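When we follow my numbering, the leftmost residue of the sequence shown carries the number 172, and every step to the right adds one. Everything on this sheet refers to the single structure shown next.
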Amino acid sequence: MDDKATTAAVRKEPGWLKPATDYVPLIVFLVVYYREGILDATAALIIAALAALVVSYLVSRRIPYLPLIAAGLVGIFGGLTLYFEDEFWIKIKPTVLQLLFAVVIYGSYLLGKPVLKMLLNTAFPLHEVAWRGLSLRFAIFFVVMALANEVVWRTQDTETWVWFDTIGQMAITFVFIMAQIPFMLKHRVEDEEETQGSD
């Protein structure tokens with residue numbers, strides 16, 4: 172009974188909530204960077220990330236784990252950036268975050284509790300074998316994104332890195348997710364199979 176109530180609550184989340192809480196803090200970071208510089212932008216990012224968690228809780232009465240982890244890393248690396256007045260810390264934050272996502276996604280699959288299944292199964296119920304392939308694809312993607320962040324911040328100026336960390340990452344992630352839809356549709360559990368399974 173409680174599980175059904177929880178599922179119903181999750182399904183009633185407004186469509187704007189996840190994009191807003193995921194991407195608005197990055198946009199705030201970008202805007203403040205051009206107005207005030209990297210240190211003020213970092214402070215604004217910390218505040219925006221915390222505000223996103225508050226909004227998520229107020230609207231849906233829950234705080235998803237991945238945004239919570241992301242906000243925690245923003246707080247840690249952003250705090251180190253402000254304390255030492257050194258942008259090195261905020262620049263390596265995406266590297267650590269992406270590698271952590273890769274470990275959590277593929278590690279959870281190896282442990283028999285794939286995070287992607289918990290996140291996507293309601294919208295995209297897939298055959299069990301498909302979760303391995305999808306978990307591996309996402310894990311590799313996040314490792315590649317971590318490496319890309321390292322290359323960009325070490326070889327380019329701060330402005331280029333800021334664009335990559337905000338608009339660039341959003342665009343690349345969107346393209347990657349769209350590219351996975353054919354795979355997910357191919358391995359989707361049909362409604363008839365779901366019905367037979369429930370019988």
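Even glycine gets a Cβ: it sits at the ideal position worked out from N, Cα and C. Quick caveat, the model's predicted, so the values are computed rather than measured.
Which residues DSSP lists as bridging residue i, in chain order
i: residue 359; result: 297
Spatially closest choice to residue i from the options, by CA coordinates
i: residue 357; options: 317, 300, 222 and 328; result: 300
i: residue 265; options: 206, 226 and 316; result: 316
i: residue 201; options: 347, 271 and 339; result: 339
i: residue 279; options: 226, 310, 331 and 295; result: 310
i: residue 295; options: 355, 238 and 347; result: 355
i: residue 232; options: 185, 298 and 324; result: 185
i: residue 226; options: 243, 189 and 198; result: 189
i: residue 237; options: 323, 321 and 286; result: 286
i: residue 327; options: 248, 262 and 217; result: 262
8 Å contact criterion, which residue i and residue j should meet: CB distance rounded
i: residue 329; j: residue 258; result: 6 Å
i: residue 192; j: residue 214; result: The Cβ separation is near 19 Å, so there is no contact.
i: residue 268; j: residue 242; result: Actually they are not in contact, since the Cβ atoms of residue 268 and residue 242 sit about 10 Å apart, beyond 8 Å.
i: residue 273; j: residue 314; result: 5 Å
i: residue 194; j: residue 341; result: 6 Å
Start-to-end residues for the alpha helix (DSSP H) that takes in residue i
i: residue 337; result: Premise fails: residue 337 is in no alpha helix (DSSP H) and is neither H nor E.
Short CB-CB distance (under 8 Å) between residue i and chain C
i: residue 290; result: Protein chains in the displayed structure number just one, and chain C is not present.
Jot down the residue ranges of each uninterrupted beta strand (DSSP E) in the segment 255-284, minimum 3 residues, whole runs only, in chain order.
-> Scanning the segment 255-284 from its first residue to its last, no whole beta strand (DSSP E) run of 3-plus residues comes out.
Segments of 3+ residues assigned as beta strand (DSSP E) that fall wholly inside the segment 195-257 | Listed in chain order, nothing qualifies, since the segment 195-257 has no complete beta strand (DSSP E) run of 3 or more residues.
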